[in-house]
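Everything on this sheet refers to the single structure shown next.
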């Protein structure tokens, strides 16, 4: 199944030990610039790759930047930080978890 293949790719030891932990430095060179890897293919490759890749990257960047500027993300009291488990179906979906968003300034919202 294709979803299982993506899971194996994302958890490959190519990314070093503990690939399930987010460590951005894995994808940066010595000057702090992003290194594009042939092993990361979220939009496919070849002649039939996604035509909207550049738009999707811009939109994702703008959305995440706006959210991070406006809110602090934390785990609600009494809840645990979610693990890396998932529900396997047609696609891989993370297990449900709760996140607390706290406005950074009075202007947020």
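Numbering (the working numbering), first residue to last: 1 to 109.
Every residue, glycine too, gets a C-beta built ideally from N, C-alpha and C.
Since we're looking at a predicted model, the values are computed, not measured.
Compute the Euclidean distance between the alpha carbons of residue i and residue j, then round it to the nearest angstrom.
i	j	result
residue 22	residue 47	31 Å
residue 44	residue 17	25 Å
residue 51	residue 57	12 Å
residue 32	residue 25	8 Å
residue 1	residue 49	Note on residue 1: pLDDT 46, under 50, position unreliable in the model; no value is reported.
residue 112	residue 27	This structure cannot speak to residue 112, because the chain is shown only from 1 to 109.
residue 100	residue 80	12 Å
residue 83	residue 75	13 Å
residue 55	residue 34	18 Å
residue 73	residue 30	29 Å
residue 105	residue 70	7 Å
residue 77	residue 102	13 Å
Since residue i sits in a beta bridge, which residues does DSSP pair it with?
i	result
residue 102	72
residue 94	86
residue 34	28
Problem set entry | Contained alpha helix (DSSP H) runs [length at least 4] in the stretch 44–85, N- to C-terminal order | The stretch 44–85 contains these whole alpha helix (DSSP H) runs: 53–70.
Exercise. If we count Cβ pairs, one from each stretch, closer than 8 Å, do we get three or more for the stretch 48–64 versus the stretch 93–105?
Worked result: Taking one beta carbon from each stretch, the stretch 48–64 and the stretch 93–105 have fewer than 3 pairs nearer than 8 Å; the two do not touch.
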